[in-house]
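Shown next, in structure tokens, is the structure this report addresses.
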Amino acid sequence: MNGEGHIIEIRNLKKSFHGEPILKGVTLDVDANQLTVLIGPSGCGKSTLLRCLNGLELFDSGSILIGGMLIQRDAAQARMDSDYYRRTHQLRAMVGMVFQSFNLFPHMTLLDNIARPPVIVQGVRVAEAREAAYQLLEKVGLREKAGQYPEHLSGGQQQRAAIARALAMKPKVLLYDEPTSALDPGLVDEVLAVMKELDAEGITQVVVTHEMRFARDVAEKVVFLNAGLVVEEGPPEAMFSDPGDPLTRQFLKRYL
Amino acid sequence: MNACLHSNNAVIRSPQRMAILVAACVVCALAAGVASVPCRAQAAKPLRWGADAEGGAPYEFQDPKDPSRLLGFEVDIADAIGRILGRPMRFVQNQWDGLIPGLERSNYDMVISGLEITPDRARVIRFSRPYYVTYEQLAVRAGEDRIRRLEDCPGRKVGTLKGSLAQRILEARGDLEVVSYDGQINAYEDLLNGRLDAVLMDHIIALYNVPHVAALKMAGPPVGRLEYGIAFRQEDDALLQEVNRALALMIASGELRRILQNWNLWTPQCAEFFADHSAESVRADAYAQFLESRVRQDSRWDRVKRYAGYLPLLGRGALVTLELSLLAMLLAVSIGLVLALTRLYAPWYARGLASIYIESIRGTPLLIQLFLIFYGLPHVGIRLAPMLAAILGLGLNYSAYEAENYRAGIQSIPRTQMEAALALGMTRFQALRHVIVPQAVRLVIPPVTNDFIALLKDSSLVSVITMVELTKAYSQLASIHYDYLGIGLLAAAMYFLIGLPFVRLARKAERHFTPASRAAAIGGKQRQTV
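Right, dumping it as structure tokens:
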């Protein structure tokens, strides 16, 4: 199960907004081919951590090693070196992101949402990208919606399409920032089902979510963050049945 | 763009830099491939003379029967000079205000346009010997019996032409209200409809505006004295001498007198001045024809025919307006997009320069910008053809407004769209190109259409840099036919008709860019969920 080792190694990651510390030194490993779930109360820094992992936020200090590429910074460094932007760009090539609000491109059809980014970013041939996009749409059950615009789709359909869009870039890791929080309850399961299927295929996924049942049933590892620090991590059975930390216990009580 | 922005920064320090700024912008726009300055070199070397045909009879004016033909006593004098010098004479239309700047920038070789010889003018240009001498003449309403001469005017409103001897005489009196006009027709109109009590103008103008109008009459003796001369550039001494010799020949042979008599302009003052007391006299046929055209009563059918006759000239003007507006708008939307993106995403210094450009363009009148480009740039060695200068002036001006339209449009696209694009590995530029700008475009279609319609109408300003577009065509026609109402409505209708298809087109484009059949707020769904 742990055959490829850690695909992400986060060391002592710190980040403040306007002097308020959000991440206070997060250290965390993510195993390849597994689904890792980040849980924790609002404002604990889960989303910020995720956004640091694909360069949407600059962290203040610490290091991230993803797929063999290291991005690090110490607090004394006033600015990121010029190399940073190049490396952030390379980083994004390895990391896919699924947003809470889907963020599909409203001026493109579903097919174009999925087929055009590889053409623009990776220079994939159009015919090839479209073929791949159809297959991805098939996989998320939206093949017959290929010609539609996002606003004609339900939230669940949009989020599935957003997952397909992220997959089209062939990332090493897929990050999800509360993928089901903006959905009507009835639409949550169809999205989770897709994620479960991807897990079965061995795709590495890191998910920030409040869906505890999903975490317990599907995740290989659950990480509990509180106040900018990792409080506890481990396999879901252990975490949910016998949390070691009183904070974890208190948090889980509200959800289970 | 950068070069242009750099010099913009320098502007703040000295006014001379302003010219360099405009120059740099022009060079940028030129590099963008707008058009090229047409070459004016000619083998036959005709002499070009500049004048304002809107000045009206008897100087130079379009033949009411055939607007493509030019009439006037100065046309006859120019032709006579050409015949004597053995060179073809070519007329160049130029706004009266800009006749001397136009001469200096070599739009033509001389000015023959009722230009009074004054010391002020003689400092920047050189005058030939006078070809006409006249005086100022007061005119009042026919029923007016209190004003018999200028001395009866204290406290009255007296109209005159801007920058004329009459204006100086009136202002020197200090006991009456001076109202200055750009054109004589408007002054006499205002006298007729009671806005003025009297009009003081060159006798030659009064002669062509008063006697045949029943409601007006001349009053009082000659006031002052003035001479018309042909203007040349300081350095064109040889040409000046040649023309002076030609004028001397015309005076000696009586040709000048015959031309003036034909136009009923030969006065005792002229006879005195040219020392030509010949008893020989030709009939004032030209004057008679002018009067006939003026007092003619049209039947309804004649009037329809007359209006139809204006259409070719107005149509040509409309085409110029359309061409000019389209090209200027193309320039404006292109530069505007670059400016908007610079202002939003470039490093801070470029952002600052873009802001300075936008604010200084928006904060100064288009008219002054046009003058700077057309008459100012030649001082730093850049001479642009009128069409090119007009496109640049309008295009650069509107680019500032378009930039702000785009900026508003881009800023109203949710931030998450940029994040999603970046997260997919796009560069910032790719994200703008493929994700942000296409969405912003449909948002800015309505304000940009609005600006295009505004530009279409603002294009009338370029008549000041010698362009004969729709408004200029209108005012030329109106001034020869004394019909500001009918021709004005005709011209207004043409503006409306030019703009209409674009409004339609814009509506179609908006629908095209909106994927949903319903007219939902664009990106509304996206924004709600953020």
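Protein chains in written order, with the working numbering: chain V, 790 to 1045; chain A, 22 to 551. Ideal placement from N, C-alpha and C gives every residue a C-beta, glycine not left out. All of these numbers come straight from a predicted model, not from anything done at the bench.
DSSP-derived helix/strand/coil call for residue i
i: residue 77 (chain A); result: strand
i: residue 273 (chain A); result: helix
i: residue 62 (chain A); result: Its pLDDT being 43, under 50, residue 62 (chain A) is placed unreliably by the model, and nothing is read from it.
i: residue 891 (chain V); result: coil
i: residue 287 (chain A); result: coil
i: residue 246 (chain A); result: strand
i: residue 83 (chain A); result: strand
i: residue 240 (chain A); result: strand
i: residue 938 (chain V); result: coil
i: residue 121 (chain A); result: helix
i: residue 8 (chain A); result: There is simply no residue 8 (chain A) to check, as chain A begins at 22 and stops at 551 in what is shown.
i: residue 801 (chain V); result: strand
i: residue 965 (chain V); result: strand
i: residue 474 (chain A); result: helix
i: residue 306 (chain A); result: helix
i: residue 45 (chain A); result: The predicted model places residue 45 (chain A) with a pLDDT of 49, which falls under 50 and marks its position as unreliable; any figure quoted below should be read in that light. Here residue 45 (chain A) sits in helix by DSSP.
i: residue 218 (chain A); result: coil
i: residue 1031 (chain V); result: coil
i: residue 469 (chain A); result: helix
i: residue 170 (chain A); result: coil
i: residue 234 (chain A); result: coil
i: residue 256 (chain A); result: coil
i: residue 481 (chain A); result: helix
i: residue 55 (chain A); result: At residue 55 (chain A), the pLDDT of 39 sits below 50, so the modelled position is not reliable; the number obtained from the coordinates is stated separately. In the structure shown, residue 55 (chain A) sits in coil (DSSP, three-state: anything other than H, G, I, E or B).
Strand pairing of residue i, partner residues [DSSP]
i: residue 795 (chain V); result: V:820
i: residue 828 (chain V); result: V:1013
i: residue 806 (chain V); result: V:809
i: residue 315 (chain A); result: DSSP output for residue 315 (chain A) lists no bridge partner at all.
i: residue 178 (chain A); result: A:198
i: residue 154 (chain A); result: A:248
i: residue 70 (chain A); result: A:112, A:131
i: residue 851 (chain V); result: V:862
i: residue 101 (chain A); result: Its beta-bridge partners do not exist; DSSP assigns none.
i: residue 1021 (chain V); result: V:1013
i: residue 994 (chain V); result: V:824, V:963
Anticipated Cβ contact below 8 Å, residue i with residue j, distance rounded
i: residue 827 (chain V); j: residue 835 (chain V); result: 5 Å
i: residue 929 (chain V); j: residue 905 (chain V); result: Residue 929 (chain V) to residue 905 (chain V), Cβ: 17 Å. No contact.
i: residue 119 (chain A); j: residue 495 (chain A); result: Rounded, the Cβ-Cβ distance is 19 Å, inconsistent with contact.
i: residue 488 (chain A); j: residue 411 (chain A); result: 5 Å
i: residue 996 (chain V); j: residue 824 (chain V); result: 7 Å
i: residue 756 (chain V); j: residue 805 (chain V); result: This structure cannot speak to residue 756 (chain V), because chain V is shown only from 790 to 1045.
i: residue 851 (chain V); j: residue 840 (chain V); result: Not a contact, Cβ separation roughly 14 Å.
i: residue 419 (chain A); j: residue 353 (chain A); result: 4 Å
i: residue 439 (chain A); j: residue 424 (chain A); result: At roughly 19 Å, the Cβ-Cβ gap does not stay under 8 Å, so residue 439 (chain A) and residue 424 (chain A) are not in contact.
i: residue 137 (chain A); j: residue 245 (chain A); result: Not confirmed; about 10 Å, so no contact.
i: residue 876 (chain V); j: residue 860 (chain V); result: 6 Å
i: residue 951 (chain V); j: residue 900 (chain V); result: About 14 Å; that fails the 8 Å criterion.
Neighbour list for residue i in chain V, Cβ cutoff strictly below 7 Å
i: residue 456 (chain A); result: 894
i: residue 444 (chain A); result: 843, 845, 881, 886
i: residue 441 (chain A); result: 888, 892
Chain A contact residues for residue i, given Cβ-Cβ distances below 8 Å
i: residue 909 (chain V); result: 447, 451, 455
i: residue 999 (chain V); result: Within chain A, no residue comes near residue 999 (chain V); the closest Cβ sits about 17 Å away, beyond 8 Å.
i: residue 878 (chain V); result: 446, 448
Within chain V, partners of residue i - CB distance below 9 Å
i: residue 460 (chain A); result: 894, 895, 896
i: residue 438 (chain A); result: 892, 894, 895
i: residue 514 (chain A); result: Result: empty, since nearest Cβ-Cβ is about 38 Å, beyond 9 Å.
Proximal residues of chain A, C-beta to C-beta of residue i below 9 Å
i: residue 905 (chain V); result: 455
Cβ-heavy atom distance, residue i to the ligand MN, below 7 Å
i: residue 499 (chain A); result: The ligand MN is not part of the structure shown, which contains no ligands of any sort.
is_contact[residue i, chain D] using C-beta, thresh 8 Å
i: residue 250 (chain A); result: In summary, chain D is missing from the structure at hand, where the protein chains are V and A.
Chain A contacts made by the region 812–846 of chain V, where a contact means CB separation under 9 Å: Legend: CB atoms of the region 812–846 of chain V lying less than 9 Å from CB atoms of chain A belong to residues 840, 843, 844, 845.
Positions along the region 958–991 of chain V whose CB lies within less than 7 Å of some CB in chain A: Cβ contacts with chain A: 958, 971.
Cβ-based contacts, 7 Å cut-off: residues of the region 1022–1045 of chain V near chain A: Of all residues in the region 1022–1045 of chain V, none is placed with a Cβ closer than 7 Å to any Cβ belonging to chain A.
Chain-ordered residues of the region 362–384 of chain A with a beta carbon less than 9 Å from chain V: Those would be none; no residue qualifies.
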